[in-house]
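There are 4 protein chains.
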Amino acid sequence: MKVIFIGDIVGSLGVDMVREWLPRLKEKYKPQATIANGENAAWGRGITERDYKKLLQAGVDLVTMGNHTWDQREIFDFIDNEKKLIRPANYPDNDVTPGKGLAYIKINQQTLAVINLHGRTFMADLEDPFRVGRALVEDARKITPHILIDFHAEATSEKEAMGWFMDGEVSAVLGTHTHVQTNDSRILAKGTAYQTDVGMTGFYDGILGMKKDSILHKFTTQMPNQFEVPETGRTRLNGCYLEIDNTSGKAVDIKPIRIDEDNPFFG
Amino acid sequence: MKVIFIGDIVGSLGVDMVREWLPRLKEKYKPQATIANGENAAWGRGITERDYKKLLQAGVDLVTMGNHTWDQREIFDFIDNEKKLIRPANYPDNDVTPGKGLAYIKINQQTLAVINLHGRTFMADLEDPFRVGRALVEDARKITPHILIDFHAEATSEKEAMGWFMDGEVSAVLGTHTHVQTNDSRILAKGTAYQTDVGMTGFYDGILGMKKDSILHKFTTQMPNQFEVPETGRTRLNGCYLEIDNTSGKAVDIKPIRIDEDNPFFG
Amino acid sequence: MKVIFIGDIVGSLGVDMVREWLPRLKEKYKPQATIANGENAAWGRGITERDYKKLLQAGVDLVTMGNHTWDQREIFDFIDNEKKLIRPANYPDNDVTPGKGLAYIKINQQTLAVINLHGRTFMADLEDPFRVGRALVEDARKITPHILIDFHAEATSEKEAMGWFMDGEVSAVLGTHTHVQTNDSRILAKGTAYQTDVGMTGFYDGILGMKKDSILHKFTTQMPNQFEVPETGRTRLNGCYLEIDNTSGKAVDIKPIRIDEDNPFFG
Amino acid sequence: MKVIFIGDIVGSLGVDMVREWLPRLKEKYKPQATIANGENAAWGRGITERDYKKLLQAGVDLVTMGNHTWDQREIFDFIDNEKKLIRPANYPDNDVTPGKGLAYIKINQQTLAVINLHGRTFMADLEDPFRVGRALVEDARKITPHILIDFHAEATSEKEAMGWFMDGEVSAVLGTHTHVQTNDSRILAKGTAYQTDVGMTGFYDGILGMKKDSILHKFTTQMPNQFEVPETGRTRLNGCYLEIDNTSGKAVDIKPIRIDEDNPFFG
Ligand SMILES: [Fe+2]
Ligand SMILES: [Fe+2]
Ligand SMILES: [Fe+2]
Ligand SMILES: [Fe+2]
Ligand SMILES: [Fe+2]
Ligand SMILES: [Fe+2]
Ligand SMILES: [Fe+2]
Ligand SMILES: [Fe+2]
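Those protein sequence lines, which keep their order, are chains A, B, C and D.
Using numbering that gives the first Met the number 0, you'd call the opening residue of the first sequence number 0 and step up by one each time.
Using numbering that gives the first Met the number 0, you'd call the opening residue of the second sequence number 0 and step up by one each time.
Using numbering that gives the first Met the number 0, you'd call the opening residue of the third sequence number 0 and step up by one each time.
Using numbering that gives the first Met the number 0, you'd call the opening residue of the fourth sequence number 0 and step up by one each time.
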């Protein structure tokens, strides 16, 4: 099974870049499934139904989220009806949290389970992602050995810990959230593919995909500021390519995908 | 001017890896200067005089530090006598802080200024690294256009902000501290080479270079734990190669260096 | 010199309570100056010009602020014209930050200097409040020995540290921000009056002066929420009374002021 | 039922103050039970078996802990054998965490349940104290309506939230950890006594009960430092007195206890 994962899509520049490049990536990599983190699709904060639909039309099979899940209030109107959108699973276990944190993608005779988890270090006080993650993986393994985790987290320690914690239990642990791709993709000792962060997709000449001036102003003045995603500009696409053994669910290959003007794409 | 920068060296495994590989890297890249972050050289926490001397003997020209600078108490005995060791410059401006945050490396007719700065986001309440950094860069520019900043910081936003803040003013802004190499090295618009994190050098099969079991135990139990650096095991070396224009001080090239069993070295 | 200080005024309930009770407090305590923290006057977030004017009309002589200073955008329109409104002094030293962090109140033949400082522990990366505070105190001491600091900070350690740091240099260090009055008012060894937090003024049956249900919902679900200040309900007024020696500027007395239904006011 | 609760006991000065003053407090208040937070009894960090035994001999019936529970390694040797020592209940639910978070004190025909919980805001990533607390309260209510919670937490918002969350379900929610007594003790709408922090017991002229110079040095230099608890000096005792209705378990009275040279004790 071949999979493409696309890192945090930021704003319309990011959504458009997926529309433009995903066809070429599919031609090159022939994935059976494409997953994308969409938590910043709407002007950098959350996702609208329109963005979500655009991503599906562009060829994405499942959208994952993160700490920005609820930033666009309209998500409360559509998240419970949509099967191709998941949010971090480790919200408190109650009837209040809309959406789900685990979804299955059907691929011919096979199934890929995708789990979205949220880190805690330097972040919010959600439920323990290790405990919640383990329980979901146990559920998913009853259905399929092909399991991918999008671990949306800040600290490299927590992310590497999750990789080793899940090693041998899932096909891949891929990090999102920092918006910077890491150069550490590998297959761990028991067969789980791992990358601390797959990076982001959107504006190339900014900070985390946003205009750099307002963020610089914030750091140097400590004054409040609007962070804006530009409408035009040079872009980057970050993600990774994954190959999973059809029988065992173990990873066979993981490669970073980085497309920008300094790293041109070769089909 | 060609420069090699080696990311956070963790424990004796890391020091030994520098001793083993730096000669080969020098043969390949022919650098005039080699800089290494040594804040974790002593069992993962700080640096001893012995580690420092070993690094110099291995061919390192200057050692930078970070949030672990003071972990080994003996540093107070030697930091003020050593010219090839700097610590973050943005400690409060007073007579209490030993050491310095800026050093010059003489290379034939030329000079390379190296500045060490410490981030604040998710870290300590040091002085503003942007303000302090700018003042030091102004000083250094009176002496040389070749200036390299080791920005030891956690948040990708603060690091990218520093890159753009210094763009055109220095030859390179290289991040350290997260112990995970990023795949975003590039030359910014006005000629400054940038990489969010150059990564770490030491144990390959752990978490941030430390044994994984104790850190996993910490995350899953929230109980205190000793974090240990193993004495033996597979290793990685992370860093980057930099080429700077001799006249202008602008960056000409930046390439990540990643050596481990999944990414073998080709001389 | 006698002074009344009123803790963080939250919403219109808080403003109204000042209007209702300040006359009675003045009758009882005969203060020459009344200072109030107004950072939450506008629906819990920032202050409008209208709130500010209402507080002056109610008998407040000077309004201090805190981390919510800039929450109402209109403050940028009036802060530079108003002499009776200060914001934390330890913003970066540049031309970008509107307003000032030090003001003088004229009282017959005497002058009271008021300094507003912002903590850093668990808060924002402002300039060092100890360094900035010391410099401002040195300035103020050239004009008057009567100096009061509103230290708007979260951590009890940082606040107690400021008290001892300024002991003997100023008349009083009064804490704000936690919205809970502390029971530790005292005069330190060298004559500075100290209280870790003077508390808040506004809705009595909520959390930090806001409706409790939305905050409870946030803690138990970790979902985003609007925090609202109610328009009606039982109220509390928190503050402290201070007496300063006219000649030396040393504190002679400090007493907490707590008015609510469980602690009725006796004139 | 009458209860005395004593806030964080810091070092031997604190332990000695309990030995000296608890008899007089018992004479005045006639409590049937005395509870004390002992997380800082051993030189400010954790508790030794000797400190624990001393506190029992001094008349304490139950010792609660907090974020410093594990600082003295010897606690692992005795916590599981001791019935009068509890640690925060909201550690992950596993077999690894020694000790318990709930204990019962027998008082003639009655029983007082005591629950220790740990906050998360600005603290560690423990399990949700609201969820865990609710489950333990449900258990305890099967046995007794007399339930006291020591909520060891930093943020005033989280502590007030816990008070309201438990209002009507327990006899009292008392905060510890900040080492500064708050002046907000009251009985909430449905009968739960509440105080944000009962304060600390130990050195009076320091910062959080420790010598002030080393902490001031830390804040002004950002350099590492040993925080020491002095062996001699003026002291304070902080706590609160509680009266609970024997039948309903509702609170009838809550009063802060503050003994120091500025607030002398009247028997
Ligand atoms: Fe995120
Ligand atoms: Fe994101
Ligand atoms: Fe490091
Ligand atoms: Fe570091
Ligand atoms: Fe406030
Ligand atoms: Fe505040
Ligand atoms: Fe504590
Ligand atoms: Fe404590």
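Cβ coordinates follow ideal geometry from the N, Cα and C atoms, glycine included.
> Can you check whether the CB of residue 2 (chain D) is closer than 7 Å to the CB of residue 35 (chain D)?
Replying inline: no
> Grouping DSSP H, G and I as helix and E and B as strand, with all else coil, what is residue 125 (chain A)?
Replying inline: coil
> Going by alpha carbons, who is nearest to residue 276 (chain C) out of C:135, C:43, C:0, C:18?
Replying inline: With chain C covering 0 to 266 only, the question about residue 276 (chain C) has no answer from this structure.
> Which value, in whole angstroms, describes the spacing of the CA atoms of residue 124 (chain A) and residue 120 (chain D)?
Replying inline: 8 Å
> Shortest alpha-carbon distance to residue 169 (chain A) belongs to which of A:105, A:193, A:231?
Replying inline: A:193
>> As a quick exercise: from A:151, A:265, A:163, A:248, pick the residue whose alpha carbon is nearest that of residue 6 (chain A).
In response: A:151
> If we call anything under 7 Å between Cβ atoms a contact, is residue 206 (chain B) one with residue 159 (chain A)?
Replying inline: yes
> Should residue 49 (chain A) be flagged as near chain B, meaning a C-beta pair shorter than 7 Å?
Replying inline: no
> So, is the C-beta of residue 182 (chain C) closer than 7 Å to a C-beta in chain D?
Replying inline: yes
> Residues of chain B with CB under 7 Å from residue 179 (chain A), in chain order?
Replying inline: 155, 181, 183, 195
>> Quick test of your reading: residue 46 (chain A) and residue 58 (chain A), contact by CB under 8 Å. State the CB separation rounded to the nearest angstrom.
In response: At roughly 17 Å, the Cβ-Cβ gap does not stay under 8 Å, so residue 46 (chain A) and residue 58 (chain A) are not in contact.
> First and last residue of the beta strand (DSSP E) that includes residue 189 (chain A)?
Replying inline: Premise fails: residue 189 (chain A) is in no beta strand (DSSP E) and is neither H nor E.
> Does any C-beta atom of chain C lie closer than 7 Å to the C-beta of residue 42 (chain D)?
Replying inline: no
> Which partner residues does residue 263 (chain A) have in the DSSP bridge list?
Replying inline: Note: residue 263 (chain A) sits in no beta bridge, so no partner.
>> Is the separation between the beta-carbon of residue 261 (chain A) and that of residue 251 (chain A) shorter than 7 Å?
In response: no
>> For a quick check, are the C-beta atoms of residue 201 (chain C) and residue 17 (chain C) less than 7 Å apart?
In response: no
> Roughly how many angstroms separate the alpha carbons of residue 118 (chain D) and residue 266 (chain C), rounded to a whole number?
Replying inline: 39 Å
> Assuming residue 182 (chain D) and residue 182 (chain C) make a contact with CB atoms under 8 Å, what is their CB distance in whole Å?
Replying inline: 4 Å
> Whose Cβ in chain A lies nearer than 7 Å to the Cβ of residue 130 (chain D)?
Replying inline: 91
> Using Cβ-Cβ distances below 7 Å, what residues of the stretch 205-231 of chain C are close to chain A?
Replying inline: 219, 220, 221, 222, 223
> Can you find a C-beta in chain C that's less than 7 Å from the C-beta of residue 88 (chain A)?
Replying inline: no
> From residue 44 (chain A) to residue 101 (chain B), what distance separates their C-alpha atoms?
Replying inline: 39 Å
> So, helix, strand or coil for residue 51 (chain B), using DSSP?
Replying inline: helix
> Do residue 173 (chain B) and residue 145 (chain B) have their C-beta atoms closer together than 7 Å?
Replying inline: no
>> Taking its Cβ as the centre, do 16 or more other Cβ atoms sit within 10 Å of residue 104 (chain A), making it buried, or is it exposed?
In response: buried
>> Could you tell me the alpha carbon to alpha carbon distance between residue 147 (chain B) and residue 11 (chain D), rounded to whole angstroms?
In response: 51 Å
>> Given the structure, does residue 205 (chain A) come close to ligand 7, in the sense that its CB is under 6 Å from one of the ligand's heavy atoms?
In response: no
> Between residue 113 (chain D) and residue 74 (chain D), which are expected to be in contact by the criterion C-beta below 8 Å, what is the C-beta distance as a whole number of angstroms?
Replying inline: In fact, because the Cβ distance is near 18 Å, the residues do not count as touching under 8 Å.
> Is residue 117 (chain D) helix, strand or coil by DSSP?
Replying inline: strand
>> Please tell me whether residue 255 (chain D) and residue 180 (chain D) are closer than 7 Å, where the distance is taken between their beta carbons.
In response: yes
>> Any C-beta of chain D within less than 8 Å: which residues of the stretch 113-142 of chain B qualify?
In response: 123, 124, 125
> chain B beta carbons: is any one of them nearer than 7 Å to that of residue 75 (chain A)?
Replying inline: no
> Roughly how many whole angstroms lie between the Cα atoms of residue 216 (chain C) and residue 227 (chain C)?
Replying inline: 13 Å
>> For chain E, check one thing: does any of its Cβ atoms lie closer than 7 Å to the Cβ of residue 20 (chain C)?
In response: Absence of chain E from the displayed structure is noted, the protein chains being A, B, C and D.
>> If the criterion is Cβ atoms closer than 7 Å, does the pair residue 176 (chain A) and residue 65 (chain A) meet it?
In response: yes
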